[in-house]
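To start, the structure under review is shown below, and the notes come after it.
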Amino acid sequence: MKFERQDVENKKDMKLVISGGGTGGHIYPAIAIADAVKARIPSAQIRFVGAEGKMEMEKVPQAGYPIDGLPIVGINRQRLWSNISFPWKLVKSIWKARQILRDFRPDVVVGVGGYASGPTLWVAGQLGIPIIIQEQNSFAGKTNQWLANKAKRICVAYPNMERFFPANRLLFTGNPVRADICHELPDSAKARSFFNLDPELPTVLIIGGSQGARSINLAIEAHLEAILSTGYQVIWQTGKSFAPPAPRAGLFVSPFITQMTQAYAAADVVISRAGALSVSELCIVQKPAILVPFPFAAEDHQTENARSLVQADAAVLVHDADAMARLWPTLHDLMEDAPRRSHLARQMKSFAKPQAAATIADEIVRL
Numbered sequence: 034m035k036f037e038r039q040d041v042e043n044k045k046d047m048k049l050v051i052s053g054g055g056t057g058g059h060i061y062p063a064i065a066i067a068d069a070v071k072a073r074i075p076s077a078q079i080r081f082v083g084a085e086g087k088m089e090m091e092k093v094p095q096a097g098y099p100i101d102g103l104p105i106v107g108i109n110r111q112r113l114w115s116n117i118s119f120p121w122k123l124v125k126s127i128w129k130a131r132q133i134l135r136d137f138r139p140d141v142v143v144g145v146g147g148y149a150s151g152p153t154l155w156v157a158g159q160l161g162i163p164i165i166i167q168e169q170n171s172f173a174g175k176t177n178q179w180l181a182n183k184a185k186r187i188c189v190a191y192p193n194m195e196r197f198f199p200a201n202r203l204l205f206t207g208n209p210v211r212a213d214i215c216h217e218l219p220d221s222a223k224a225r226s227f228f229n230l231d232p233e234l235p236t237v238l239i240i241g242g243s244q245g246a247r248s249i250n251l252a253i254e255a256h257l258e259a260i261l262s263t264g265y266q267v268i269w270q271t272g273k274s275f276a277p278p279a280p281r282a283g284l285f286v287s288p289f290i291t292q293m294t295q296a297y298a299a300a301d302v303v304i305s306r307a308g309a310l311s312v313s314e315l316c317i318v319q320k321p322a323i324l325v326p327f328p329f330a331a332e333d334h335q336t337e338n339a340r341s342l343v344q345a346d347a348a349v350l351v352h353d354a355d356a357m358a359r360l361w362p363t364l365h366d367l368m369e370d371a372p373r374r375s376h377l378a379r380q381m382k383s384f385a386k387p388q389a390a391a392t393i394a395d396e397i398v399r400l
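At position 202 of the sequence shown (counting the first as 1) the number is 235 in my numbering, and the numbers step up by one without a gap.
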């Protein structure tokens with residue numbers, strides 16, 4: 034049974050639910066959207082709905098927003114027998130999402146992808162609450178494809194997304210990223226000094242996400258002496274599961290880098306996975322990039338993200354299986370080719386959408 038939304042005579046009474054998560058690529062854009070709405074309507078009431086046990090249950094409260102968890106889980110495509118409890122958890126999640134939405138009575142529900150967005154947005158559609166979908170990747174997730182017909186607007190980060198969604202509902206916004214990335218980067222020499230590196234030497238930034246990227250880490254470890262002896266410096270985020278090499282001149286290594294604006298500013302070339310958030314940040318800072326997509330991401334969306342840039346001659350692609358053999362030669366070629374680096378940076382500019390969060394917030398307020 035549908036309920037009538039409360040009449041909002043003044044937008045200060047606005048209520049918003051943002052649902053989704055599971056990875057930083059879903060969570061950080063969601064928080065950026067919430068922050069942008071708050072910047073417009075400071076008194077807006079915003080709640081998140083995530084999946085129990087996932088990182089959003091920690092990261093969202095740290096950002097200052099309340100969150101409810103659903104027992105929903107993803108379908109394990111490798112071990113189908115392990116999905117025996119999925120139907121019960123789905124039904125339970127739908128019931129809990131219905132209770133949350135009936136109690137909170139939001140004016141708009143935003144889905145950012147991930148397990149929790151499925152039950153929440155489906156219930157919102159049943160209750161007649163306007164829905165906005167934010168799709169981060171160039172290959173749309175199954176949940177977002179399934180819910181597309183219920184959405185008033187679908188905010189996307191790549192062109193040609195009409196192959197997944199109704200064209201008349203698409204809005205090319207780009208992906209929301211943390212606000213500090215959207216400002217002018219610090220001076221490169223000062224940024225290298227921040228990491229105790231030589232301000233004048235060419236520098237490579239290696240990032241593989243909070244968990245690290247095994248293929249990238251192993252390839253860099255195998256060729257680290259060659260990289261350093263060539264005269265390049267390295268800022269290396271290994272992730273928490275990879276044992277870092279011994280400290281030495283020209284090397285900054287850490288499981289996690291918090292000052293990413295400094296890291297981007299210091300870099301001449303970035304080696305990275307091709308998650309939606311990483312790609313969006315690289316486009317905004319316009320740093321030449323070698324992308325090594327994680328091949329086991331859902332629907333292989335990281336490879337699709339990378340190909341979108343490669344087809345525009347805005348990035349270089351090295352496949353995960355080829356990282357040990359091809360990553361160092363590819364890096365060396367790019368580091369020695371300044372015109373090529375400049376060209377890649379210029380091509381990235383067309384994908385940069387530093388106002389993504391603000392554009393999505395405007396659409397939310399309009400609805």
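C-beta atoms are modelled at their ideal positions from N, C-alpha and C, and glycine is treated no differently.
For residue i, three-class secondary structure by DSSP
{"i": "Gln266", "result": "strand"}
{"i": "Ile317", "result": "helix"}
{"i": "Phe227", "result": "helix"}
{"i": "Asp68", "result": "helix"}
{"i": "Thr291", "result": "coil"}
{"i": "Asp301", "result": "coil"}
{"i": "Leu251", "result": "helix"}
{"i": "Ser221", "result": "helix"}
{"i": "Pro99", "result": "coil"}
{"i": "Thr392", "result": "helix"}
{"i": "Lys122", "result": "helix"}
{"i": "Ile239", "result": "strand"}
{"i": "Gln78", "result": "strand"}
{"i": "Gly83", "result": "strand"}
{"i": "Phe285", "result": "strand"}
{"i": "Leu234", "result": "coil"}
8 Å contact criterion, which residue i and residue j should meet: CB distance rounded
{"i": "Met368", "j": "Tyr265", "result": "6 Å"}
{"i": "Asn208", "j": "Ala389", "result": "6 Å"}
{"i": "Gly54", "j": "Ala149", "result": "6 Å"}
{"i": "Phe275", "j": "Gly245", "result": "5 Å"}
{"i": "Ser171", "j": "Ile240", "result": "That pair is no contact at about 20 Å."}
{"i": "Ala130", "j": "Val82", "result": "7 Å"}
{"i": "Ala322", "j": "Ser305", "result": "6 Å"}
Contacts around residue i, its chain only, beta-carbon distance under 8 Å, and the 5 residues preceding and following it disregarded
{"i": "Phe289", "result": "Ser243, Gln270, Gly272, Lys273"}
{"i": "Arg202", "result": "Ala181, Ala184, Lys185, Arg186, Ile187"}
{"i": "Ile127", "result": "Pro152, Trp155, Val156"}
{"i": "Asp353", "result": "Ser248, Val325, Pro326, Phe327, Pro328"}
{"i": "Phe228", "result": "Ile268, Phe285, Gln295, Ala296, Ala299"}
{"i": "Ile165", "result": "Val141, Val142, Val143, Gly144, Ala184, Lys185, Arg186, Ile187, Cys188, Ile393, Glu396, Ile397, Leu400"}
{"i": "Ala252", "result": "Ala356, Met357, Leu360, Trp361"}
Rounded C-alpha distance that separates residue i from residue j
{"i": "Ile51", "j": "Phe137", "result": "12 Å"}
{"i": "Ser287", "j": "Ala378", "result": "26 Å"}
{"i": "Leu400", "j": "Val349", "result": "39 Å"}
{"i": "Ser118", "j": "Val106", "result": "9 Å"}
{"i": "Ile68", "j": "Ser262", "result": "Per the sequence shown, residue 68 should be read as Asp rather than Ile. The alpha-carbon atoms of Asp68 and Ser262 are separated by roughly 45 Å."}
{"i": "Val398", "j": "Arg359", "result": "47 Å"}
{"i": "Met47", "j": "Pro75", "result": "10 Å"}
{"i": "Thr363", "j": "Leu342", "result": "17 Å"}
{"i": "Glu91", "j": "Tyr61", "result": "12 Å"}
{"i": "Ala309", "j": "Ala190", "result": "9 Å"}
{"i": "Ala200", "j": "Asn177", "result": "14 Å"}
{"i": "Thr73", "j": "Ile66", "result": "For the sequence presented, residue 73 should be read as Arg rather than Thr. Distance between the alpha carbons of Arg73 and Ile66 is about 11 Å."}
{"i": "Met381", "j": "Ala347", "result": "5 Å"}
{"i": "Gly158", "j": "Glu314", "result": "32 Å"}
{"i": "Asp140", "j": "Lys125", "result": "24 Å"}
{"i": "His334", "j": "Gln169", "result": "10 Å"}
{"i": "Arg374", "j": "Ala339", "result": "17 Å"}
{"i": "Met34", "j": "Leu160", "result": "The predicted position of Met34 is uncertain, since its pLDDT is 43 and thus under 50; no value can be drawn from it."}
{"i": "Ile162", "j": "Ala212", "result": "29 Å"}
{"i": "Lys87", "j": "Ala222", "result": "38 Å"}
{"i": "Cys215", "j": "Trp121", "result": "43 Å"}
{"i": "Ile133", "j": "Trp179", "result": "22 Å"}
{"i": "Ser226", "j": "Leu123", "result": "51 Å"}
{"i": "Val303", "j": "Gly97", "result": "31 Å"}
{"i": "Ala279", "j": "Pro219", "result": "28 Å"}
{"i": "Leu204", "j": "Phe197", "result": "13 Å"}
{"i": "Val277", "j": "Arg135", "result": "Reading off the sequence, residue 277 comes out as Pro, not Val. Pro277 and Arg135: Cα-Cα distance of roughly 49 Å."}
{"i": "Ile100", "j": "Thr56", "result": "15 Å"}
Own chain residues within Cβ distance below 6 Å of residue i, not counting five before or after
{"i": "Glu85", "result": "Gly102, Pro104"}
{"i": "Ala300", "result": "Thr236, Leu238, Lys320"}
{"i": "Ala385", "result": "Cys316, Ile317"}
{"i": "Glu396", "result": "Arg186"}
{"i": "Ala391", "result": "Ala69"}
{"i": "Met293", "result": "none"}
{"i": "Glu89", "result": "Gly54, Ile60, Gly83"}
{"i": "Glu332", "result": "Phe172"}
7 Å CB neighbourhood of residue i in its chain, flanking five on each side removed
{"i": "Ala224", "result": "Gln295, Ala298, Ala299"}
{"i": "Gly146", "result": "Gly53, His59, Glu168, Gln169, Gly174, Thr176, Asn177"}
* Segments of 4+ residues assigned as alpha helix (DSSP H) that fall wholly inside the region 141–211 -> 150–159, 175–180
* To do: Enumerate, from N- to C-terminal direction, the unbroken alpha helix (DSSP H) stretches of 4 or more residues contained entirely within the region 305–383.
  => 309–318, 334–344, 356–368, 371–381
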